[in-house]
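Student: Going by UniProt numbering, the residue at position 357 of the sequence shown is 357; the numbering climbs one at a time, nothing skipped.
From the three backbone atoms N, C-alpha and C, an ideal C-beta is built for every residue, glycine too.
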Amino acid sequence: MTTGSQWCLSASGKQKGGLPDTRTCEALMLFWEKTKTSDREYLPMGGSLKMIEETVKLAYGEDSDLIKDKRIAAVQALSGTGACRLFADFQKRFCPDSQIYIPVPTWSNHHNIWRDAHVPQRTYHYYHPESRGLDFSALIDDIKNAPNGSFFLLHACAHNPTGVDPTEEQWREISYQFKVKGHLAFFDMAYQGFASGDTERDAKSIRIFLEDGHLIGCAQSYAKNMGLYGQRVGCLSVVCEDEKQAIAVKSQLQQLARPMYSNPPVHGALVVSTILDDPDLKKLWLKEVKGMADRIIGMRTALRENLEKLGSPLSWEHITKQIGMFCFSGMTPEQVDRLTSEFHIYLTRNGRISMAGITTGNVGYLANAIHEVTKST
Numbered sequence: 001m002t003t004g005s006q007w008c009l010s011a012s013g014k015q016k017g018g019l020p021d022t023r024t025c026e027a028l029m030l031f032w033e034k035t036k037t038s039d040r041e042y043l044p045m046g047g048s049l050k051m052i053e054e055t056v057k058l059a060y061g062e063d064s065d066l067i068k069d070k071r072i073a074a075v076q077a078l079s080g081t082g083a084c085r086l087f088a089d090f091q092k093r094f095c096p097d098s099q100i101y102i103p104v105p106t107w108s109n110h111h112n113i114w115r116d117a118h119v120p121q122r123t124y125h126y127y128h129p130e131s132r133g134l135d136f137s138a139l140i141d142d143i144k145n146a147p148n149g150s151f152f153l154l155h156a157c158a159h160n161p162t163g164v165d166p167t168e169e170q171w172r173e174i175s176y177q178f179k180v181k182g183h184l185a186f187f188d189m190a191y192q193g194f195a196s197g198d199t200e201r202d203a204k205s206i207r208i209f210l211e212d213g214h215l216i217g218c219a220q221s222y223a224k225n226m227g228l229y230g231q232r233v234g235c236l237s238v239v240c241e242d243e244k245q246a247i248a249v250k251s252q253l254q255q256l257a258r259p260m261y262s263n264p265p266v267h268g269a270l271v272v273s274t275i276l277d278d279p280d281l282k283k284l285w286l287k288e289v290k291g292m293a294d295r296i297i298g299m300r301t302a303l304r305e306n307l308e309k310l311g312s313p314l315s316w317e318h319i320t321k322q323i324g325m326f327c328f329s330g331m332t333p334e335q336v337d338r339l340t341s342e343f344h345i346y347l348t349r350n351g352r353i354s355m356a357g358i359t360t361g362n363v364g365y366l367a368n369a370i371h372e373v374t375k376s377t
């Protein structure tokens, strides 16, 4: 995003006004509002059943046997943060002596969420600073060394902040090691569709765990992939042994939600359910998500090519190897400070760049600025 000569590459880079199909849906709902006042009523504690129904299909698959067998306990939550917090409270209530393993690094709010739920935290290796890729061997060692039956927080796709995801083969090895140790995986899937442009492909990590028979938890959000940042629309789902257990788990999730926020907001849930329940709107939405992901991928290529053309002595291969909305550039806090003070470019001091904030109009300037602050490294 740009404001005058100041460029902000630290946030989401979201489109003003939301996605086109979202705006179309909201226009239809406005008419619906005026005639039926449909979004003036409370939702149940568990939220919109239609929104939940369509959302779990995105995570688990349209033809999932888990859905058919009613083995998934799911409730609407206050976006991804709310879904994570609800699960953290569920974990604390029913596994009071458990802890959560969180990757290094992770989205900073993950630590706050489990801290405030009074769940002890441990960390596991994830990012390898020297290669600017995945520290896979150390990750596997941490999985093996964790006590049997430990809880692990996993980023389903487009890891935030690094943009580094395991390969399919690596996900299969991770799933296998979880099975050996009896660990429970909780997936935070905030960027489905934004990693590859394909919502099915971006759910591959989850599908691999399901193929191997894991009982998982999953947080989903529509802040990014539908542009519903302020509507706080999300979903928490937990895979259970059978339908009876799923009913019991859902009941407990609702009981946790009741004193926390009573019931979730209706407007955003109606937007989501209207889009996903209509084949034409869903097709349009999926097309737009792919278009946005492809644009981000294109900006990664452009940034790397510009840096290489400038004769940078450093390797910028990691820019195109990483995936999703963010690039973990590898710049030091001091180099980031120079970007801000000398070039009026703003990003987080850990070097994370929001790729959504880069355009064909500013990528050259950004590359030149990065080159200037890193060429003497």
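1. Going by DSSP, what residue range makes up the alpha helix (DSSP H) through His125?
2. Near Phe31, which residues of its chain fall below 7 Å by C-beta distance, leaving aside the five closest residues on each side in sequence?
3. Can you look up Gly47 in the DSSP assignment and give me helix, strand or coil?
4. By the 10 Å Cβ neighbour count, where 16 or more other Cβ atoms means buried, how is Trp316 classified, buried or exposed?
5. Would the beta-carbon of Ala269 fall within 8 Å of that of Ser131?
6. In this structure, how does DSSP classify Ser237 when only helix, strand and coil are distinguished?
7. Using the C-alpha atoms, what's the distance from Gln335 back to Ser376?
8. Using CA coordinates, which residue listed in Pro96, Lys50, Ile208 is at the minimum distance from Gln76?
9. Looking only at its own chain, which residues have a Cβ that is under 8 Å from the Cβ of Glu41, when we skip the five neighbours before and after it?
10. For the beta strand (DSSP E) holding Pro103, just list the boundary residues, first then last.
11. Considering only the beta carbon of each residue, do Phe326 and Gly163 sit closer than 8 Å?
12. Would you be able to state if there are at least three C-beta pairs under 8 Å between the stretch 280-299 and the stretch 62-70?
13. Whose CA, out of Gly46, Glu53, Lys309, lies closest to the CA of Val272?
14. Please return the same chain residues whose Cβ sits closer than 8 Å to the Cβ of Glu241, not counting the five positions on each side in sequence.
15. Are the beta-carbon atoms belonging to Gln220 and Ala88 less than 8 Å from one another?
16. What number of angstroms, rounded off, separates the C-alpha of Ala293 from the C-alpha of Gly149?
17. Could you name each continuous beta strand (DSSP E) segment of 3 residues or more that falls completely within the stretch 287-350, going from the start of the chain to the end?
18. State the Cα-Cα distance for the pair Gly364 and Arg115, rounded to the nearest angstrom.
19. Spell out the partners DSSP gives Gly133 in its beta bridges.
Tutor: Concretely, from the data shown:
1. Element bounds for His125: not the alpha helix (DSSP H) but the beta strand (DSSP E), 121-125.
2. Reliability of the predicted coordinates at Phe31 is poor, the pLDDT of 43 falling under 50, and the value obtained from them is presented with this limitation in mind. Excluding positions up to five away in sequence, the list is empty.
3. coil
4. buried
5. no
6. strand
7. 11 Å
8. Lys50
9. Val266
10. 100-104
11. yes
12. no
13. Glu53
14. Arg71, Leu215
15. no
16. 36 Å
17. 326-328
18. 42 Å
19. His128
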